[in-house]
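**Q** Take 11 as the starting number for the sequence shown in UniProt numbering and just add one per residue.
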Amino acid sequence: SFRRSARMSGIQLSEIVQISERARALRAEGRNVVALSTGEPDFPTPDNVIAAAHRAALDGKTTYPPTMGTVDLRAAIADQAGVSAAQVIVSTGAKQVLSNAMLATLDPGDEVIMPAPYWTSYSDIVAMAGGTPVVLTCDMAQGFKLTAAQLAAAITDQTRWVMLNSPSNPSGAIYSVGEQAELADVLRAHPHVMVLVDEIYAHLSYTPFTSFAEVAPDLADRILIVNGVSKAYAMTGWRIGWGIGPAEMIRALGAVQGQVTSGACSISQAAALEAISGDQSLLVDRRRAMCARRDRMVTALNGVAGITCPVPDGAFYVFPDIRDAMAAGGFATDVEFCSTLLEQAGVAIVPGRAFGLPGHARLSFAYSDAEIDTGLTRIAEFVASF
Ligand code: PLP
Numbered sequence: 011s012f013r014r015s016a017r018m019s020g021i022q023l024s025e026i027v028q029i030s031e032r033a034r035a036l037r038a039e040g041r042n043v044v045a046l047s048t049g050e051p052d053f054p055t056p057d058n059v060i061a062a063a064h065r066a067a068l069d070g071k072t073t074y075p076p077t078m079g080t081v082d083l084r085a086a087i088a089d090q091a092g093v094s095a096a097q098v099i100v101s102t103g104a105k106q107v108l109s110n111a112m113l114a115t116l117d118p119g120d121e122v123i124m125p126a127p128y129w130t131s132y133s134d135i136v137a138m139a140g141g142t143p144v145v146l147t148c149d150m151a152q153g154f155k156l157t158a159a160q161l162a163a164a165i166t167d168q169t170r171w172v173m174l175n176s177p178s179n180p181s182g183a184i185y186s187v188g189e190q191a192e193l194a195d196v197l198r199a200h201p202h203v204m205v206l207v208d209e210i211y212a213h214l215s216y217t218p219f220t221s222f223a224e225v226a227p228d229l230a231d232r233i234l235i236v237n238g239v240s241k242a243y244a245m246t247g248w249r250i251g252w253g254i255g256p257a258e259m260i261r262a263l264g265a266v267q268g269q270v271t272s273g274a275c276s277i278s279q280a281a282a283l284e285a286i287s288g289d290q291s292l293l294v295d296r297r298r299a300m301c302a303r304r305d306r307m308v309t310a311l312n313g314v315a316g317i318t319c320p321v322p323d324g325a326f327y328v329f330p331d332i333r334d335a336m337a338a339g340g341f342a343t344d345v346e347f348c349s350t351l352l353e354q355a356g357v358a359i360v361p362g363r364a365f366g367l368p369g370h371a372r373l374s375f376a377y378s379d380a381e382i383d384t385g386l387t388r389i390a391e392f393v394a395s396f
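#1: Take Ile184 as the anchor and find which of Leu156, Gly140 and Gln168 has the nearest alpha-carbon.
#2: In chain order, what residues of the same chain lie with their CB nearer than 6 Å to the CB of Ala310, ignoring the 5 residues before and after it?
#3: Check whether the Cβ atoms of Val43 and Val357 lie closer than 9 Å to each other.
#4: I need the DSSP call for Asp208, collapsed to helix, strand or coil.
#5: Distance, Cα to Cα, Ser133 vs Met112?
#6: Can you tell me which residues fall inside 6 Å of the ligand PLP, judged by beta-carbon distance to its nearest heavy atom, and keep chain order?
#7: Among Gln22, Ser131 and Val122, which has the Cα closest to the Cα of Pro173?
#8: Within the chosen definition, does the stretch 273-280 reach the stretch 321-335 through at least 3 CB pairs nearer than 8 Å?
#9: By the three-class DSSP mapping on this structure, what secondary structure does Asn179 have?
#10: Could you check how far apart the C-beta atoms of Ser101 and Gln267 are, in whole angstroms? I think they sit under 8 Å.
#11: Can you give the beta carbon distance from Ile135 to Ser109, rounded, assuming they're within the 8 Å contact cut?
#12: Less than 7 Å between C-beta atoms, sequence neighbours within five positions excluded: which residues of the same chain meet that for Met259?
#13: According to DSSP, is Ile235 helix, strand or coil?
#14: Roughly how many whole angstroms lie between the Cα atoms of Asn312 and Ile250?
#15: Can you name the start and end residues of the beta strand (DSSP E) that Gly340 belongs to?
#16: Which two residues bound the contiguous beta strand (DSSP E) that contains Leu146?
#17: What whole-angstrom Cβ distance do Gly49 and Asn179 have, given they're in contact under 8 Å?
#18: Pick helix, strand or coil for Thr384, following the three-state DSSP scheme.
#19: According to the Cβ coordinates, are Pro361 and Ala376 closer than 9 Å?
#20: For a test of your reading of the model: does the CB of Ile235 fall under 8 Å from any non-hydrogen atom of the ligand SAM? Yes or no.
#21: Count the other C-beta atoms from every protein chain shown that fall within 10 angstroms of the C-beta of Val107, then say buried if there are 16 or more, exposed otherwise.
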């Protein structure tokens, strides 16, 4: 009879998906629900990108792609990063780069250090690959960022990876050059530790962004940079992401990929090539639009009693502290606060627990001004009713 593997036993549908599905169910019942919960831009995929996909399909690019990515796309990514194509793997979303990396490198007992708040999938992907997530709490007072002292204290002989995400989902935090240099100093003393740096929101930075790879080029033989087109180019459904690292590491990721997907969708790869090598002016316009929405949301949230919202430096999320509002309403947990908000006020936001940092909530500002205004008005009314 059916039985889950031990590997999958603790892994459930993510809390983000659960909230979104509940919001959808309420809408189906005729309720007016504002969702501020999803992690995707509300912009359409650019027309030139769609045209490139169309051409690729008509030109017969419909057979199995090379496992590691098409020659053209790998070369374009490598060129932009200043590395060789052998140091690039194209996968079915950044998510598959992460899972390839963990499956390729973790044995039972191996530890992966991740600062909380972290993107929900990090801990599940590590657990699914048989590793042990080592979660280090990085609260609002430290800008939601890992310090060198915390990292140094957490490294053991079993540490295989440190996972960094800048700009961060859910906090929007960006590591400065100085902060990254301090982390790199710690890593220099521990050559057995690899570094996965997820830079999928790099194009959505509202303060200067510098890649970890540039800050610590001497660590290149153990850095895996993760990126993709989902967020920057509004291409979440096309499922193209990539990893950049030492050739030996990239080959190991490819060995996993060869057995799991045989490579990413050929038509999507043609689209991604156009996205990263075609006209980039759209990125500037979209970043500017997102930044205005950020300010709109932060201002409104800070006007609500019991909610403290720092200004995020990047991505399209805010991660306010809601503990005083929870206390005022008699909510013991952020999960209870968020589910009651959804049921009673019709606003979907994600509890901080999903990101390893309870007492907070994540709101996305990748929505229209009207949706942001309606959502925030409802949140203010909900809190005012306590
Ligand atoms: N990394 C982070 C931090 C994310 O927030 C997401 C998507 O939410 C991903 C990776 C996954 O991106 P992709 O759509 O390329 O799989």
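Every residue, glycine too, gets a C-beta built ideally from N, C-alpha and C.
**A** Considering the structure as presented:
#1: In the sequence shown, residue 184 corresponds to position 174, counting from 1. Ranking Leu156, Gly140 and Gln168 by Cα distance to Ile184 puts Leu156 first.
#2: Sequence index remark: in the sequence shown, residue 310 carries index 300 (1-based). Result list for Ala310: Leu386, in chain order.
#3: Against the sequence shown, residue 43 aligns to sequence position 33. Against the sequence shown, residue 357 aligns to sequence position 347. Yes.
#4: The residue labelled residue 208 in the question sits at position 198 within the sequence shown. Strand at Asp208.
#5: Numbered from 1 along the sequence shown, position 123 holds the residue referred to as residue 133. Numbered from 1 along the sequence shown, position 102 holds the residue referred to as residue 112. Using only the alpha carbons, I get a separation of about 11 Å.
#6: Gly49, Gly103, Ala104, Lys105, Trp129, Asn175, Asn179, Asp208, Ile210, Gly238, Ser240, Thr246 and Gly251
#7: Residue numbering aside, residue 173 sits at position 163 when the sequence shown is read from its first letter. Rather than Pro, the amino acid found at residue 173 in this sequence is Met. Nearest option by C-alpha distance: Val122.
#8: no
#9: Along the sequence shown, one-based indexing puts residue 179 at 169. It is coil, neither helix nor strand.
#10: Position 91 of the sequence shown, counted from the start, is the residue given in the question as residue 101. Position 257 of the sequence shown, counted from the start, is the residue given in the question as residue 267. So it is a contact: roughly 6 Å between Cβ atoms.
#11: Counted from its first residue, the sequence shown places residue 135 at position 125. Counted from its first residue, the sequence shown places residue 109 at position 99. Indeed, because the Cβ distance is near 5 Å, the residues count as touching under 8 Å.
#12: Here the question's residue 259 lines up with position 249 in the sequence shown. So the qualifying residues of the chain are Leu234.
#13: By one-based count along the sequence shown, residue 235 stands at place 225. Correct three-state label for Ile235: strand.
#14: Within the sequence shown, the letter at position 302 stands for residue 312. Within the sequence shown, the letter at position 240 stands for residue 250. Their Cα atoms are separated by approximately 36 Å.
#15: Stepping through the sequence shown from its first residue, residue 340 is reached at position 330. Premise fails: Gly340 is in no beta strand (DSSP E) and is neither H nor E.
#16: As a first step, residue 146 must be located in the sequence shown, where it is residue number 136. Start and end: Thr142 to Thr147.
#17: Here the question's residue 49 lines up with position 39 in the sequence shown. Here the question's residue 179 lines up with position 169 in the sequence shown. Right, the Cβ-Cβ distance comes to about 6 Å (below 8 Å), so this counts as a contact.
#18: Residue 384 sits at position 374 when you count from the first residue of the sequence shown. Helix at Thr384.
#19: By one-based count along the sequence shown, residue 361 stands at place 351. By one-based count along the sequence shown, residue 376 stands at place 366. No, the pair does not count as a contact, with Cβ atoms beyond the cut-off.
#20: Of the ligands this structure carries, namely the ligand PLP, none is the ligand SAM.
#21: As a working mapping, residue 107 is identified with position 97 in the sequence shown. Buried, by the Cβ-count rule.
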